[in-house]
Ligand SMILES: C[S@@+](CC[C@H](N)C(=O)[O-])C[C@H]1O[C@@H](n2cnc3c(N)ncnc32)[C@H](O)[C@@H]1O
């Protein structure tokens, strides 16, 4: 990350404080049957304002969150108090996940790994592998695809990572890495990949506006 871009340029200015849970999180957890939700431990890495976690806590899951932005975490904590729901939420870099081995059933990444370099993602995925139970699942939503046209407004930092976007979708979001199937498969090679979906959004003239990948993988 650029020197905590999210804290300095986004959350402290009260931007991107998402209120609603992400659609992919709702559909995944609503489509499954759980015998005792309170026994299911879910960690959201880069939980931001706690929008996904609040939904999951209201659904009865045992939720945990970590984000490097102090403002986002304090906002998330207030939300939990207001809604009278429980969860463990803390400030920190997800390169170090301070939880025991084999602890979580699920880890959620919604547009978080994509804002890290491949080197950092490898470190984070090793941590995720450590804290997930055997057969535990990582759900990754919104890895930006390398065919996303607004890449051109950024400056290449290294390989597939860009920063200093002068305009376009990524200007507010800061450092962003862009992926294809090959890079994702390589990064997740220590996991069993269940599904990778590519979603391309085109405008009325057929021009690609966004490309994202969603991925479901299990600890081997
Ligand atoms: C696009 S926001 C997504 C927030 C939330 N997951 C959601 O779905 O609304 C990306 C979040 O990831 C956090 N983040 C990115 N890289 C991180 C890292 N290495 N350690 C901790 N937090 C990180 C940022 O602070 C930011 O809150």
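In my numbering, the protein residues as written are 14 to 233. Ideal Cβ positions, reconstructed from N, Cα and C, are used throughout, including at glycine.
Residue i classed as buried or exposed, judged by whether at least 16 other C-beta atoms fall within 10 angstroms
i           : result
residue 121 : buried
residue 164 : buried
residue 157 : buried
residue 34  : buried
residue 172 : exposed
residue 169 : exposed
residue 232 : buried
residue 51  : exposed
residue 207 : exposed
residue 20  : buried
residue 92  : buried
Pairwise C-alpha distance: residue j and residue i
i           : j           : result
residue 143 : residue 53  : 17 Å
residue 229 : residue 49  : 22 Å
residue 212 : residue 111 : 33 Å
residue 200 : residue 129 : 12 Å
residue 71  : residue 159 : 36 Å
residue 203 : residue 101 : 28 Å
residue 148 : residue 55  : 14 Å
residue 108 : residue 132 : 10 Å
residue 188 : residue 45  : 34 Å
residue 30  : residue 24  : 7 Å
residue 140 : residue 63  : 21 Å
Residue i in three-state terms, based on DSSP
i           : result
residue 168 : strand
residue 56  : strand
residue 229 : strand
residue 160 : coil
residue 37  : helix
residue 51  : helix
residue 4   : For residue 4 there is no data in the structure shown, the boundaries of the chain being 14 and 233.
residue 14  : Residue placement at residue 14 cannot be trusted, given a pLDDT of 47 that sits under 50; the coordinates are not used to answer.
residue 24  : helix
residue 74  : coil
residue 79  : strand
Any chain C beta carbon closer than 8 Å to residue i
i          : result
residue 59 : The question asks about chain C, but that chain is absent: this structure has only one protein chain.
Q: Identify every run of the beta strand (DSSP E) within the stretch 197-221, keeping only runs that are complete inside it and at least 3 residues long; order them along the chain.
A: 204-215
Q) At what residue ranges does the stretch 89-167 contain a whole run of the beta strand (DSSP E), taking only runs of 3 or more? A) 101-104, 117-123, 145-157
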